[in-house]
Each structure stands twice: as structure tokens, then as C-alpha cells.
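K.L.:
Heads up: the protein sequence lines correspond to chains Y and S, in order. For the first sequence, our numbering assigns the number 1 to the initial residue and increments by one for each residue that follows. For the second sequence, our numbering assigns the number 645 to the initial residue and increments by one for each residue that follows. From the three backbone atoms N, C-alpha and C, an ideal C-beta is built for every residue, glycine too. As the structure is a computational prediction, the values presented were derived from the model and not from experiment.
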Amino acid sequence: MIAETGLAALWLAAGLAAYQLFLMTMALRSRVEVARAMRAVAVVQGALTLIAFAALLLVFARTDLSVALVFENSHSAKPFIYKVAGAWGNHEGSMLMWVMILSVAGAFLALFSRRTSERTLIAALGSQAALALGFYAFLLIASNPFARLNPAPLEGRGLNPLLQDPGLAFHPPTLYFGYVGLSIAFSLAVGAMFTNEVDAKLARAMRPWVLGAWIFLTLGITAGSYWAYYELGWGGYWFWDPVENASLMPWLAATALLHSINVLAARGALKAWTMMLAVIAFSMSMVGTFLVRSGILTSVHAFAIDPERGTFLLALLGIYVSAAFTLFALRGATLKEGAPFELVSRETGLVINNLILSVVLGTVFVGTLYPLFVEAVSGEKLSVGAPYFNAVAGPLALILALLVGIGPLLAWRRERRPVLKLLTVPALLGASALAITIIVVPSIGILPRLGLTVGAYLAAASILPLVGRNPFRAPLATWGLVVSHFGIAVALVGMAANTAFTSERLAVAKPGEVLSVGPWLVQLEDVTPMAGKNWTALEAQLRATRGSGPIILKPQTRYFSDPPTETNEAAIQTFWNGQLYTIVGKADDTGGWQLRLWWKPFVTLIWLGGALIALGGALALVGRLLRGRLRRVARGGWRRERYA
Amino acid sequence: MSRAVRFAPLAVFLVIVIALIWRLATPTSTFVPSRLEGKPLPAFDLGPGVDTKPALSTRDFADGQPHILNIFASWCVPCVSEVKVLQELKARGAAIEGIAIRDTPEDVAAFLARNGDPYDRIGSDPQSALQIALGSSGVPESFIIDGRGVIRYQHIGPIERSDIGMIEHKLEQAR
Chain Y
1 MIAETGLAAL WLAAGLAAYQ LFLMTMALRS RVEVARAMRA VAVVQGALTL IAFAALLLVF
61 ARTDLSVALV FENSHSAKPF IYKVAGAWGN HEGSMLMWVM ILSVAGAFLA LFSRRTSERT
121 LIAALGSQAA LALGFYAFLL IASNPFARLN PAPLEGRGLN PLLQDPGLAF HPPTLYFGYV
181 GLSIAFSLAV GAMFTNEVDA KLARAMRPWV LGAWIFLTLG ITAGSYWAYY ELGWGGYWFW
241 DPVENASLMP WLAATALLHS INVLAARGAL KAWTMMLAVI AFSMSMVGTF LVRSGILTSV
301 HAFAIDPERG TFLLALLGIY VSAAFTLFAL RGATLKEGAP FELVSRETGL VINNLILSVV
361 LGTVFVGTLY PLFVEAVSGE KLSVGAPYFN AVAGPLALIL ALLVGIGPLL AWRRERRPVL
421 KLLTVPALLG ASALAITIIV VPSIGILPRL GLTVGAYLAA ASILPLVGRN PFRAPLATWG
481 LVVSHFGIAV ALVGMAANTA FTSERLAVAK PGEVLSVGPW LVQLEDVTPM AGKNWTALEA
541 QLRATRGSGP IILKPQTRYF SDPPTETNEA AIQTFWNGQL YTIVGKADDT GGWQLRLWWK
601 PFVTLIWLGG ALIALGGALA LVGRLLRGRL RRVARGGWRR ERYA
Chain S
645 MSRAVRFAPL AVFLVIVIAL IWRLATPTST FVPSRLEGKP LPAFDLGPGV DTKPALSTRD
705 FADGQPHILN IFASWCVPCV SEVKVLQELK ARGAAIEGIA IRDTPEDVAA FLARNGDPYD
765 RIGSDPQSAL QIALGSSGVP ESFIIDGRGV IRYQHIGPIE RSDIGMIEHK LEQAR
């Protein structure tokens, strides 16, 4: 019954989306009065998808094996939290979650958007309905999550044990909030281009959505990177894997959009560029979903290969994005650029920021898709690896980080003050970091050395917007800017330190043997069998010392019974100045055990930086929302404008 | 902004879409050339996978005849349908040896009783040691071994009914 309720809710929601689209054509042709009905329809549609998603959670929580999806992806012996997380740990469930977030976001837009004109909102809600409709069709036709099995099997097929991890249970939803949050920016851009109302007001309406989506993307990427780091047991934090790139590309586009939108909001300039970025950002989300879900790319995140679903998603992607770009091409001429600016101005700074981010985005995009095309043309299988991405994106990221220190100091329109003088202290810091690394560690690579240099410089430069004024009277948005930019410096230092200073030791050790890695002495004490709820394991006990008292680490190799899989559970000990990362592998014939040990100085700064970047976004978002509210209250009540 | 510039994003996007359509339409080759083809079988001497049949070792392949070496398991669902196809191949004269991965003799016996038994010999590989040495990443997988014990072909995934012709051709080539 529960599954049928979910399916019915999904069909109803699809019907309402079609109705919403119909209402839009009515409203835009003549009658703006239907706008209220449209808002109501959008809200009900969002509620229905919530019901459908709740139904899916419920069948998974109860392990209802008569539902095919539960049979395929769950198991009665699985811990409860992973039973629930299993609901979105598969293709159909994750697509339902995608659609749910899409239409709930639409409902929020209908409920709370008061910053755009009514006509633009109507067009945007129509665009949102069109997006939702395509994905409903995809779910109902090509990926029904509620399909039944008759007779019901006695036991499920389990879940990939790699996915039985709290990080992964919550990492995809976070990313999805980001991906799909960008749909609102897309719809608002399409709506405004349609009604010819691309202006500062639109930018201010769009900004909270972009900020919100961007915060979730940042958190999702940071969490995903940490998950890959400790769960895959490869000791790396970023692999330039196609699926990782699929999450990075929307983030890069959203970051660029976040900055250009400020120019539009403050100065009414960069209209066409901002609209195009808004379209591209969500297009990248869809491209990412297509790449991941069609199985067109081979990846360590091996998802099922399914050409039919791939074709369906590609058709949706093709229709939506080419419609938006066509609209852009037709309306681009009417997008009059706003206030002019001089060469040295904050506008110019943000344009450069956007150019660099776009080049990085293009690089990642080409690198991700290149193997596809080479294979199509020459039949040769190849993969574009980290060296390409690092070689191109690395230097660009450093240049960008260098400019991040300057941009926020520039004034709008024109800058006549000697701004570079302000950067004396940061520049000195960077220079001393460079000098110190040359003296102390002369052998490290050029990129990590420059990374440490620029990191030290930016850590100081990023704080400058708060210097010389009372920091507690600075707007929250300024605090957000400072915290985010400081986070970039922190992450940069973490990445550079990890590349430059990591020590690695791979050895076969017998119990009692001592290995050294970095400043640590690690003794293998014993290897003992262990058993968990649905796994057995071999657990090594390692005793690590560095001058003072010993630390015990217990890495495991786990064997899951259903499906039979083996995973490495790394044991990681975090210190203020780094992480000791240990993996135990197989035994060899002589009674020794494969051990892999890393000492990674300051590696945690990478994720701390990511968290700071997201925190800065959150501060800016709160600041923007509060200020908007206060301004409305000051103008004598915001109720009046509600249905204006 | 000139007309050409305004249409540029659309044009670029359409080119990408066309390329992707082309890519989806051409059947994807998931074929990864095996690094072991042309190499001799690793030396092994497995215990019996089931009590009623002889065990399996490298020597059993050095009889001058091509063999199909099938990696299977009683807990593997695709293996159930594959066994039917293997029986057909056996009826047409192929020699088929099995390796049971992470299995017990009782489970293997029950599996064979329920689904049919195409195997001449079955070896047991309780820790996947040989499977890894063979460069096999999953069950089922099959190898065609020529009469001198050299791997001639690796087949990833179940052998389907439609593969029978191809497998017989490979066996013929390995003769």
C-alpha cells in the first residue's frame, strides 16, 4: 500500500506540474490573476513529492522486499540507518530525491519570492514546472522506484558495503541540494530573459538561491573528498575521477555566478554574462547527473550502465539547455549593459575571477569528456589523469588565489587609491613562507611551494576587508566574504603541505616488527579476527610512538557477506599538525602482513578550509536575508507586497 | 553583443549533444583486453569444491585439449542461468572445469543438484586467491585454456546463450 501511495503521489505531482505549465501560458498571455493559483499548485506539487519520498523511506525502513528496489539494495541484517540511507543509495531512489528537491525548491520559490516582478516569477515557476515534468517522466517511465516483485523474495541483495558509511549516507543528499538548488537560478534566469526583466532586482532575488546551493555544493564536495580519503583507503583526497568532476563543474560555475551576480545586483552590469552563467550552472548539474547515471564514463564510482536511461537523460538535458540558450541568443540583444566601469575597479576584479573560473571549468569539462570522444573516434581507451588536471588547474588556481587577496579591496566603478600598498604585510608573509620553504625543504615541487607561499599571503590578505574599520559593525556579508576567502587560504596550505610533506611507507611486517614513517615509529603488535553485524574482519593492532606516549591504531580489512566484498577500514589518528593514516592488507605466505602507513602533515586543513568556505557562504546568506527583511520592515511592512 | 556571440553557447552545446548522442548510439565496448591472454595459467593445486568430484590443478589442463575454466559460486545469481548455457556447451562436446569461489562443498552440491552440473572437475578457492591470480574481478567469469595450459580468452560476466557460437569458435582456435 505504501509503495502505491508513493507512486500515486508521483503521478499526481506530474499532473500538477503539467497544470502549472498550462497556467503559466495563461498568465503570460493575459491574466495575471492566475498567479495565486500557480503558487498554490507549486506548493501542492512539492508536498506530493515529499509524500512520495517519505513512502520510499518507509518501504526501505521496513525492508519491504516486495518492492524491487528494496530487494536489490537492502538486506534485513543491515543496520537501520543504512537501510534508510539505502533509499537514495541507488539510481531510482536518488532520482526521486532529485525530483523531490527540485519541486520542493519550486514550492519555496512560490511561497517566499517577493523580490522579482510577478510576471518573472510566473515565468520562472513555469520553467521550474517544465524541468520537474521531464524528470517525473524519467522516473515514471524509465526508473520507477516503486515497482513490485511478485512473489516477494525472502532476503534482499544487500548494499555495497562501501556505501555503509555515515559519510556516504549524507554526502549525496547534500550534493543534490546544491545541484538542484541551482535549478531555481536557472528558472529565474529563463523567466527574466523571457519577460525582459533582467536587472539588479532579479540578481537580488537569485542571490540567496545561488548562495544556498553553493553552500551545499561546497559541503558536499568537502564531505565527499573526506569520505574518499578515509573509506577508499587510497590516502588521497581528490582523484579527478569523472564523478568527482561532475560535482566540481557545477561548483565552479556556481562560484563564478555567485561573484558575477554581485556585480549585477550592485551595479546592474554583466547582465548577459550572469544569465548565461545561471543557465550553465544548472546545465552542469544536469550534465553531471547524466554522466553519472548513464554510465557513459567508466569510473571508480561504478554505477550501472544503462543506455536507455542515458538517452532519456540526454534528451532532457538537450531540450532544457538548448531552450535556455536559444532564449539567451534571442534576448541577448535586449540585455543592455548597466553602469560602465573603469579598468581598475571591483567590477574588473570580478570579471577576471569569472574568466579564470570559466577556464578552469572548461579545462575540467574537456578533461572529463575527452576520453569519451577519443574512444568514439579512434576506439582507443584512455583516461585523462590527475597530471593533466593538476598541470592546468593548479597554476590557474594559484593565480586566482593571488587575485582573491586584491579583489575585495577594490572600490566599485573606479579605484584611485593605492590599494596594492595595503598588501605589504601579506606579501611579506608570502615571501617569508617562500624563503623558509626554500631553506628548510629545498627539494619539494614548485606547485606545492608556491601553494604554501600563496596560502600564507592569502591568509593575511583575506582579512584586510575587516581591517581599518570596526569589524563588529561590518555587514555579515563582508564577514562571509572574509571567512570564505580565508578558507581558501587554509585549504590551499593543506593541499600544498599534503603534497610536499607526506611520508609513505608500504611494507610487509610480521607481528612485533617496527616500521618508521615520518617522525613515527609504528609497531605491528597483533592481527586478530573480529565480527560485526554483517561483516567479519581482520584487525591489526598498531602501536605508534613519537617521543611521548604510544597511540594504538586498529585498521581492519573487512569481508562483507552479502554481496561478498572486501573493504579496507583505515585507522586514522588526527593531531593538530597532521594525520597518521594506516591500512592493513593481506597476509603473505611467510606470516607477514601488508601495511601501508602515511604521515600527512596538516592534511586536515583541506577539509577545514572547505568547511570555512561553506561557513562564509552561510554568513553571507544570513546577512543578505536579514538585511532584505529589515529593509522591508523599514519600508512599512512586507505583507503588502506579498501578492503585489 | 553580436549575433554570432549570442548564438555561440547554443552552437557549442549542440555540438556536444550531437557527440554524446553519437556516443550513446555506438554500442559501448566494455571490453577490457585481458592482460593474461597468451600467458600460461598460474600454477595451482586446489582442494575439491564438492565431495563427489575430483579436485582441480594446473596439470589437468595439459592434456592437449582446450578447456573452459569457469569461475562460479553457489551464492552467485547470474551463475544459475549461466550453468544452463554451460550444459549446452558440454552437450556439444566442450570440456568444462569449475572453480568455486568462497564456497562450501554442501552449498556447491546443492547448487549443482538444483541447477545442473556441466563440470568435469571442481576446485575450491575459499579465499579468492586463485581468482585474484587469474586477474578475475567477479563471478562468473570464464577462461578458455588451450591444450598447453595457456590462457587464450577471458570472458567477463556470464556466458549467454548468444555467446555459444563465439565460445565454440574460440575453443576451435585454441585447439
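(1) Which first and last residues belong to the beta strand (DSSP E) in which Y/L597 is found?
(2) Tell me the DSSP bridge mates of S/I789?
(3) For Y/V321, go through chain S and note every residue whose CB falls closer than 7 Å to its CB, in chain order.
(4) Name the chain Y residues whose beta carbon is nearer than 7 Å to that of S/F651?
(5) Could you say which of S/P653, S/L733, S/E681 lies nearest to S/M810 if we only look at CA atoms?
(6) Rounded to whole angstroms, how far is the Cβ of Y/Q579 from the Cβ of Y/K600, which I believe are closer than 8 Å?
(7) Of the residues that make up the stretch 685-700 of chain S, which ones have a beta carbon closer than 7 Å to any beta carbon in chain Y?
(8) Should Y/A304 go down as buried or exposed, given a rule of 16 or more other Cβ atoms within 10 Å for buried?
(9) For a quick check, are the C-beta atoms of Y/A329 and S/F651 less than 7 Å apart?
(10) Measuring only the C-alpha atoms, how far is S/K728 from Y/G106?
(11) Restricting to Cα atoms, I'd like to know which of Y/P166, Y/L409, Y/R416 is closest to Y/A461.
(12) Below 9 Å on C-beta distance, what does Y/T326 contact in chain B?
(13) Going by other Cβ atoms of all chains shown within 10 Å of its Cβ, with 16 needed for buried, is S/Q771 buried or exposed?
(14) Which residue spans inside the stretch 129-210 of chain Y form an unbroken alpha helix (DSSP H) run of at least 4?
(15) For the stretch 614-626 of chain Y and the stretch 218-228 of chain Y, state whether three or more C-beta atom pairs, one from each stretch, are separated by less than 8 Å.
(16) Looking only at its chain, what residues have a beta carbon closer than 7 Å to the beta carbon of Y/K201, apart from the 5 residues adjacent to it on each side?
(17) By alpha-carbon positions, which one of Y/R157, Y/V243, Y/L109, Y/R309 ends up nearest to Y/G212?
(18) Taking 7 Å as the CB-CB limit, is S/V661 close to chain Y?
(19) With which residues is Y/M530 paired in a DSSP beta bridge?
(20) According to DSSP, which residues form a beta bridge with S/P692?
(21) Along the beta strand (DSSP E) that carries Y/R505, what are the first and last residues, could you check?
(22) I'd like to know whether the C-beta atoms of Y/L154 and Y/S66 end up nearer to each other than 7 Å.
(23) Within 10 angstroms of its Cβ, does S/I745 collect 16 or more other Cβ (buried), or is it exposed?
(24) Please name the residues in the stretch 230-247 of chain Y whose beta-carbon is closer than 8 Å to at least one beta-carbon of chain S, in chain order.
(25) Counting only the same chain and skipping the five closest in sequence on each side, list residues whose C-beta sits under 7 Å from that of Y/G167.
(26) Which runs of the alpha helix (DSSP H) at least 4 residues long sit entirely within the stretch 46-107 of chain Y? Give them in chain order.
(27) Taking the CB atoms as reference points, tell me whether Y/A401 and Y/P448 lie closer together than 7 Å.
(28) Do you know whose CA, among Y/G532, Y/E539, Y/A427, Y/F60, lies nearest Y/I583's CA?
(29) Could you check if Y/R640 is buried or exposed, using at least 16 other CB atoms within 10 Å of its CB as the buried criterion?
(30) Give me whichever residues DSSP pairs with Y/W520 in a beta bridge.
(31) Mark Y/F80 as exposed unless 16 or more other C-beta atoms lie within 10 angstroms of its C-beta, in which case mark it buried.
(32) Rounded to whole angstroms, what is the Cα-Cα separation between Y/P250 and Y/V243?
(33) Indicate the three-state DSSP secondary structure (helix, strand or coil) for Y/G617 in the structure shown.
(34) If contacts are defined as beta-carbon pairs under 8 Å, then Y/V41 and Y/Q20 qualify, I think. What distance do you get, rounded to the angstrom?
(35) Nearest-angstrom Cα distance between Y/L369 and S/A663?
(36) If we ignore side chains and look at the alpha-carbon of each, how far apart do Y/M658 and Y/A130 end up?
P.N.:
Let me lay it out:
(1) Position 597 of the first sequence holds residue 597 of chain Y. Y/L597 -> beta strand (DSSP E) spans 593-601.
(2) If you number the second sequence from 1, residue 789 of chain S lands on position 145. The partner list for S/I789 (beta bridge, DSSP) reads S/H711, S/I795.
(3) Within the first sequence, numbered from 1, the residue matching residue 321 of chain Y stands at position 321. Against Y/V321, the close residues of chain S are F657, in the order they occur along the chain (beta-carbon pairs closer than 7 Å).
(4) As a position in the second sequence, residue 651 of chain S is number 7, starting the count at 1. Correct list: A329.
(5) The residue you call residue 810 of chain S lines up with position 166 of the second sequence. The shortest C-alpha separation from S/M810 is found at S/L733.
(6) Your numbering for residue 579 of chain Y matches position 579 in the first sequence. Your numbering for residue 600 of chain Y matches position 600 in the first sequence. Yes, they are in contact, since the Cβ atoms of Y/Q579 and Y/K600 sit about 5 Å apart, within 8 Å.
(7) none
(8) By 1-based counting over the first sequence, the position of residue 304 of chain Y is 304. Reliability fails at Y/A304, whose pLDDT of 47 lies under 50, so the model's placement of it is uncertain and the value that follows must be treated cautiously. Label assigned to Y/A304: exposed.
(9) Position 329 of the first sequence holds residue 329 of chain Y. Position 7 of the second sequence holds residue 651 of chain S. In this structure, S/F651 lies closer than 7 Å to Y/A329 by Cβ.
(10) Position 84 of the second sequence, counting from 1, holds the residue named residue 728 of chain S. Position 106 of the first sequence, counting from 1, holds the residue named residue 106 of chain Y. Distance between the alpha carbons of S/K728 and Y/G106: 52 Å.
(11) Within the first sequence, numbered from 1, the residue matching residue 461 of chain Y stands at position 461. Considering only alpha carbons, the answer is Y/L409.
(12) Although the question refers to chain B, the structure presented lacks it and instead comprises the protein chains Y and S.
(13) Translated into the one-based positions of the second sequence, residue 771 of chain S becomes position 127. Under this definition S/Q771 is an exposed residue.
(14) 166-195
(15) yes
(16) Counting from 1 along the first sequence, the entry for residue 201 of chain Y is found at position 201. Cβ neighbours of Y/K201 beyond the five flanking positions: R115, T116.
(17) Within the first sequence, numbered from 1, the residue matching residue 212 of chain Y stands at position 212. Checking every option, the nearest Cα to that of Y/G212 belongs to Y/L109.
(18) The residue you call residue 661 of chain S lines up with position 17 of the second sequence. By this cut-off, S/V661 is an interface position.
(19) Indexing the first sequence from 1 puts residue 530 of chain Y at position 530. BP columns for Y/M530 point to Y/A537.
(20) Position 48 of the second sequence, counted from the first residue, corresponds to residue 692 of chain S. S/G767.
(21) The residue given as residue 505 of chain Y occupies position 505 in the first sequence. Run containing Y/R505: 503-509, per the beta strand (DSSP E) assignment.
(22) Numbered from 1 along the first sequence, position 154 holds the residue referred to as residue 154 of chain Y. Numbered from 1 along the first sequence, position 66 holds the residue referred to as residue 66 of chain Y. No.
(23) Taking the second sequence and counting its residues from 1, the one referred to as residue 745 of chain S is at position 101. Classification of S/I745: buried, given that the 10 Å Cβ count is 16 or more.
(24) none
(25) On the first sequence, residue 167 of chain Y is found 167 positions in, with the first residue counted as 1. If we look at Y/G167 and ignore the five residues flanking it on each side, its Cβ neighbours are A223, Y226, W227, E231.
(26) The qualifying runs are 68-73, 80-85.
(27) One-based indexing of the first sequence puts residue 401 of chain Y at position 401. One-based indexing of the first sequence puts residue 448 of chain Y at position 448. In this structure, the beta-carbon distance from Y/A401 to Y/P448 does not fall below 7 Å.
(28) Position 583 of the first sequence, counted from the first residue, corresponds to residue 583 of chain Y. Ranking the options by Cα distance to Y/I583, first place goes to Y/E539.
(29) Counting from 1 along the first sequence, the entry for residue 640 of chain Y is found at position 640. Annotation note: pLDDT 40 at Y/R640 (below 50); position unreliable, coordinate value reported separately. Exposed, because fewer than 16 other Cβ atoms sit within 10 Å of the Cβ of Y/R640.
(30) Working through the first sequence from its first residue, we reach residue 520 of chain Y at position 520. DSSP lists Y/V517 as partners of Y/W520.
(31) Numbered from 1 along the first sequence, position 80 holds the residue referred to as residue 80 of chain Y. With fewer than 16 other Cβ atoms within 10 Å, it is exposed.
(32) Taking the first residue of the first sequence as 1, we reach residue 250 of chain Y at position 250. Taking the first residue of the first sequence as 1, we reach residue 243 of chain Y at position 243. So the alpha carbons of these two residues sit roughly 12 Å apart.
(33) Against the first sequence, residue 617 of chain Y aligns to sequence position 617. Three-state DSSP puts Y/G617 in a helix.
(34) Here residue 41 of chain Y refers to the residue found at position 41 when the first sequence is read from its first residue. Here residue 20 of chain Y refers to the residue found at position 20 when the first sequence is read from its first residue. About 5 Å; that satisfies the 8 Å criterion.
(35) As a first step, residue 369 of chain Y is located in the first sequence; it is residue number 369 there, counting from the start. As a first step, residue 663 of chain S is located in the second sequence; it is residue number 19 there, counting from the start. Their Cα atoms are separated by approximately 10 Å.
(36) This structure cannot speak to residue 658 of chain Y, because chain Y is shown only from 1 to 644.
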